[in-house]
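Residue numbers (the working numbering), protein chains in the order written: chain A, 401 to 539; chain B, 401 to 539; chain C, 401 to 539.
For reference, the structure discussed in these notes is given below.
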């Protein structure tokens, strides 16, 4: 069994963003030399997500609006978590909707994807350096 | 390490449905000859889900109503994504709630399940052929 | 390839709770002797979750309130599922928001975690014995 590990680093200027990380994951897979197996891609921070959906800017605006409806940032007093001095209570909730991780099949040395699948980093509490982990096992 | 890959195809007549795919996944596992490992089952389309829950028709009606409350199909103008000519903005949101994939343990050649766990394909934008990927690694 | 399997048992007195199970998962990993691979941790019941977030009591109170807003327990007549004689229709919905499982990388014999990642069992229909599965594959 072979295994490979790589960290992807991000420093998003604003509070929230969706970044297509598919090329970075494909590059990690190429580096690994693994052709059959599973690849795990997960946010290493609890106010960010990794998820698979469409690379369409309108959809990303829809997600932003929807997540803000489901778990509004303000008022900060909405979240007991913010009593700790944080202002990111909403980010911990948005992350649960969008998910922590994806697991993708590796077949023939490629990400085994349907026609529109792309991997995104979802930042909900930016303005600082944060990481995504790529771990690949297989042969 | 052994690996196995199979695609399951669906063509749901209406817009939405939940289909129990556990027997198909069990059949793929039997074909693989793998007795210890992990099995990944994921929607290959971004307006569909694979999830594990109860095979109870009342619950599925509850999910349908709840998802329609959280991310209504109409009015289409609710979603910028629909400005691309699509009418499936809601489906991209419903899929995020229900999830893209499940990872299930394989033990003694069986899906290592609790008493009520069943695997479902969740279609949110049907009327055409769509796929689920089953990838198994182990020995 | 090595593999390891362990069940974690819980009997939560009340209806709902979040329990930090990271030490139990770390113990399973140590027992396995696996140093590179993937670890799957999943609820074996369909009214419970396993998820990764922050071990902060205020946040857990926020989650409790938020999940009750998104999928209220009462009135029981809200859910067709409760016509089966159950009163846990809400729990099947809360579990979908928080998720069934996590997959975590194993690197150097440790859970390959960011600074605040902790694994939680989320109980939404307690008062009886329920299980979490830990399955580890690797070498």
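For each residue, glycine too, the CB sits at the ideal point set by N, CA and C.
Computed from a predicted model, the values in this text were never measured in an experiment.
>> According to DSSP, is residue 488 (chain A) part of a helix, a strand, or is it coil?
In response: Along the first chain, read from residue 1 onward, the residue named residue 488 (chain A) stands at position 88. Coil.
> Excluding the five sequence neighbours on either side, which residues of its own chain have a C-beta within less than 7 Å of the C-beta of residue 494 (chain A), listed in chain order?
Replying inline: Here residue 494 (chain A) refers to the residue found at position 94 of the first chain. Residues of the same chain with a CB within less than 7 Å of the CB of residue 494 (chain A), apart from the 5 flanking positions on each side, are 467, 471 and 524 in chain order.
>> Counting beta carbon pairs with one atom in the region 401–416 of chain C and one in the region 419–428 of chain B, are three or more of them shorter than 8 Å?
In response: Under the Cβ criterion (8 Å, minimum of three pairs), the region 419–428 of chain B does not count as touching the region 401–416 of chain C.
> Quick one: which chain A residues come within Cβ less than 7 Å of residue 479 (chain B)?
Replying inline: Along the second chain, read from residue 1 onward, the residue named residue 479 (chain B) stands at position 79. Going along chain A in sequence order, the residues near residue 479 (chain B) (Cβ under 7 Å) are 462.
> From residue 405 (chain C) to residue 513 (chain B), what does the alpha carbon distance come to, in whole angstroms?
Replying inline: If you number the third chain from 1, residue 405 (chain C) lands on position 5. If you number the second chain from 1, residue 513 (chain B) lands on position 113. Going by the C-alpha atoms only, they are around 13 Å apart.
>> On the DSSP bridge list, what partners appear for residue 405 (chain B)?
In response: Here residue 405 (chain B) refers to the residue found at position 5 of the second chain. Residue pairing by DSSP places residue 405 (chain B) opposite B:535 in a beta bridge.
>> Below 8 Å on C-beta distance, what does residue 484 (chain A) contact in chain C?
In response: If you number the first chain from 1, residue 484 (chain A) lands on position 84. The answer, in chain order, is 456 and 458.
> Is there a Cβ from chain B that is less than 8 Å from the Cβ of residue 428 (chain C)?
Replying inline: Position 28 of the third chain, counting from 1, holds the residue named residue 428 (chain C). Taking Cβ atoms only, chain B never reaches closer than 8 Å to residue 428 (chain C), which makes this a no.
> Nearest-angstrom Cα distance between residue 538 (chain A) and residue 433 (chain B)?
Replying inline: Translated into the one-based positions of the first chain, residue 538 (chain A) becomes position 138. Translated into the one-based positions of the second chain, residue 433 (chain B) becomes position 33. If I take the Cα positions, the gap works out to 17 Å.
>> Tell me the residue span of the alpha helix (DSSP H) that contains residue 464 (chain C).
In response: Residue mapping note: residue 464 (chain C) aligns to position 64 of the third chain, counting from 1. Where residue 464 (chain C) is concerned, the enclosing alpha helix (DSSP H) stretches over 457–470.
> Terminal residues of the continuous beta strand (DSSP E) containing residue 507 (chain C)?
Replying inline: Residue mapping note: residue 507 (chain C) aligns to position 107 of the third chain, counting from 1. Note, residue 507 (chain C): beta strand (DSSP E), 501–507.
> Which one or two residues does DSSP pair with residue 511 (chain A) in a beta bridge?
Replying inline: What you label residue 511 (chain A) is simply residue 111 of the first chain in a count that begins at 1. DSSP output for residue 511 (chain A) lists A:506 as bridge partner(s).
>> What are the residues in the region 496–509 of chain C lying within 8 Å of chain B by C-beta distance?
In response: Answer set for the region 496–509 of chain C: 496, 497, 499, 500, 501 and 503.
> Looking at the C-beta of residue 403 (chain A), does it have a partner C-beta in chain E at a distance below 8 Å?
Replying inline: No chain E appears in this structure, whose protein chains are A, B and C.
> When we look at the beta-carbon of residue 528 (chain C) and count the other beta-carbons within 10 Å, is it buried (16 or more) or exposed?
Replying inline: Working through the third chain from its first residue, we reach residue 528 (chain C) at position 128. By the 10 Å Cβ count, residue 528 (chain C) comes out exposed.
> Tell me the DSSP bridge mates of residue 524 (chain C)?
Replying inline: Numbered from 1 along the third chain, position 124 holds the residue referred to as residue 524 (chain C). Residue 524 (chain C) is not bridged to any residue.
>> So with CB distances below 8 Å, who are the chain C contacts of residue 522 (chain B)?
In response: On the second chain, residue 522 (chain B) is found 122 positions in, with the first residue counted as 1. Within chain C, no residue has its beta carbon less than 8 Å from that of residue 522 (chain B); the closest one is some 10 Å off.
>> Contact criterion: CB-CB distance below 8 Å. Does residue 452 (chain C) meet it with respect to chain A?
In response: Along the third chain, one-based indexing puts residue 452 (chain C) at 52. Residue contact with chain A for residue 452 (chain C): present (Cβ-Cβ distance below 8 Å to some residue of chain A).
>> Only counting the same chain, and skipping five residues up and downstream in sequence, which positions put a Cβ closer than 7 Å to that of residue 416 (chain C)?
In response: Mapped onto the third chain, residue 416 (chain C) falls at position 16. Only residues of its own chain outside the window of five on either side were considered, and among them 464, 523, 524 and 526 have a CB closer than 7 Å to the CB of residue 416 (chain C), listed in chain order.
>> Are the CB atoms of residue 454 (chain B) and residue 473 (chain C) within a distance shorter than 8 Å?
In response: Along the third chain, one-based indexing puts residue 473 (chain C) at 73. Along the second chain, one-based indexing puts residue 454 (chain B) at 54. Result no, Cβ atoms of residue 473 (chain C) and residue 454 (chain B) do not sit closer than 8 Å.
>> Spatial neighbours of residue 418 (chain B) within its chain, please: C-beta separation below 6 Å, excluding the five flanking residues on both sides.
In response: To locate residue 418 (chain B), count along the second chain from 1; it is residue 18. Excluding sequence neighbours, residue 418 (chain B) sits near 460, 520 and 522.
> Taking 7 Å as the line, does the beta carbon of residue 410 (chain A) fall inside it for any heavy atom of the ligand MN?
Replying inline: Among the ligands in the structure shown, none appear at all, so the ligand MN cannot be discussed.
>> Restricting to Cα atoms, I'd like to know which of B:441, B:480, B:489 and B:445 is closest to residue 451 (chain B).
In response: Along the second chain, read from residue 1 onward, the residue named residue 451 (chain B) stands at position 51. It is B:441 whose Cα lies nearest to the Cα of residue 451 (chain B).
>> Quick check on residue 512 (chain C) - is its C-beta less than 8 Å from some C-beta in chain A?
In response: In the third chain, the residue the question calls residue 512 (chain C) occupies position 112. Residue 512 (chain C) counts as touching chain A.
> For the putative contact between residue 438 (chain B) and residue 511 (chain A), defined by C-beta atoms under 8 Å, what is the C-beta separation to the nearest angstrom?
Replying inline: The sequence position of residue 438 (chain B) within the second chain is 38, counting from 1. The sequence position of residue 511 (chain A) within the first chain is 111, counting from 1. That pair is no contact at about 17 Å.
>> If you reduce the DSSP assignment to three classes, tell me which class residue 428 (chain A) lands in.
In response: For the purposes of this step, residue 428 (chain A) is identified with residue 28 of the first chain, where counting begins at 1. In the structure shown, residue 428 (chain A) falls within a helical segment according to DSSP collapsed to helix, strand and coil.
>> Rounded to the nearest angstrom, what separates residue 414 (chain B) and residue 501 (chain A) at their Cα positions?
In response: The sequence position of residue 414 (chain B) within the second chain is 14, counting from 1. The sequence position of residue 501 (chain A) within the first chain is 101, counting from 1. Using only the alpha carbons, I get a separation of about 30 Å.
>> Using CA atoms only, rank isn't needed, just tell me which of A:518, A:533 and A:532 is closest to residue 423 (chain A).
In response: The residue you call residue 423 (chain A) lines up with position 23 of the first chain. Closest option to residue 423 (chain A), Cα to Cα, is A:518.
>> Does the CB of residue 493 (chain A) have a neighbour CB from chain C at under 8 Å?
In response: Counting from one through the first chain, the residue named residue 493 (chain A) turns up at place 93. For residue 493 (chain A), the nearest beta carbon of chain C is closer than 8 Å to its own beta carbon.
>> Please list, in chain order, the chain C residues whose beta carbon lies closer than 8 Å to that of residue 538 (chain B).
In response: Start at 1 with the first residue of the second chain, and residue 538 (chain B) comes out as number 138. Neighbours of residue 538 (chain B) on chain C, chain order: 401, 403 and 537.
> Does the distance from the C-beta atom of residue 503 (chain A) to that of residue 503 (chain B) stay below 8 Å?
Replying inline: Indexing the first chain from 1 puts residue 503 (chain A) at position 103. Indexing the second chain from 1 puts residue 503 (chain B) at position 103. A Cβ-Cβ contact shorter than 8 Å links residue 503 (chain A) with residue 503 (chain B).
> Any C-beta of chain C sitting closer than 8 Å to the C-beta of residue 533 (chain A)?
Replying inline: Looking up residue 533 (chain A) in the first chain gives position 133. Residue 533 (chain A) has a beta carbon lying within less than 8 Å of a beta carbon in chain C.
> Grouping DSSP H, G and I as helix and E and B as strand, with all else coil, what is residue 519 (chain A)?
Replying inline: Residue 519 (chain A) sits at position 119 when you count from the first residue of the first chain. If DSSP states are grouped into helix, strand and coil, residue 519 (chain A) belongs with the strands.
> Buried or exposed: residue 403 (chain B), going by 16 or more other Cβ atoms within 10 Å of its Cβ?
Replying inline: One-based indexing of the second chain puts residue 403 (chain B) at position 3. Flag for residue 403 (chain B) reads buried.
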